[in-house]
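In the numbering used here, the protein residues as written are 956 to 1110.
Structure, rendered in structure tokens:
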């Protein structure tokens, strides 16, 4: 990562909460109550699978806490996402799309490209940033050549 780049990483707060929760579950299972000891003796296979599941989820959460990979990098060369760099010259416009569902609303950065494929979508779910920060990063590095399709007049 060269100086002058803006790196956006995933938020770690959910991973921390889940890791504490699942570590507490494992600790209470082994250190805890008489009921858990009875369950372990009565059905050791089911109890072992349950413990294995909790330990795997806990390990994934701990990995998420210590994972320092960038989700998006804005640089003078372009936008880098998932090891793919899209040069500013290939980007015609962008918009931030809200996708509502029953349980939650997700945001995506949709880049309109001059080349095929015509659109490239980047999920903003779980990133440690805001819409305004994304727009400012694009304006800072791209110059005025890229159109913010959310703010442009509709015909």
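Don't be surprised by glycine CBs; every beta carbon is placed ideally from N, CA and C.
Note that the structure is a prediction, hence the values are computed from the model and not measured.
Less than 8 Å divides the Cβ of residue 1101 from the Cβ of residue 1046.
Taking the Cα of residue 1029 as reference, the smallest distance to any Cα among 1070, 1009, 1078, 1095 is reached at 1095. Annotation note: the region 1000-1086 contains the following uninterrupted beta strand (DSSP E) runs of length 3 or greater, listed N- to C-terminal: 1027-1030, 1033-1036, 1039-1042, 1046-1055, 1060-1068, 1074-1078.
Exposure of residue 1039 is indicated by the presence of fewer than 16 other C-beta atoms within 10 angstroms of its C-beta. Going by beta carbons, residue 1020 and residue 967 fall inside the 8 Å limit.
Residue 1065 and residue 1084 have their C-alpha atoms spaced approximately 16 Å apart. Relative to the Cα of residue 1104, the nearest Cα in the group 1088, 1098, 1082, 1067 belongs to 1067.
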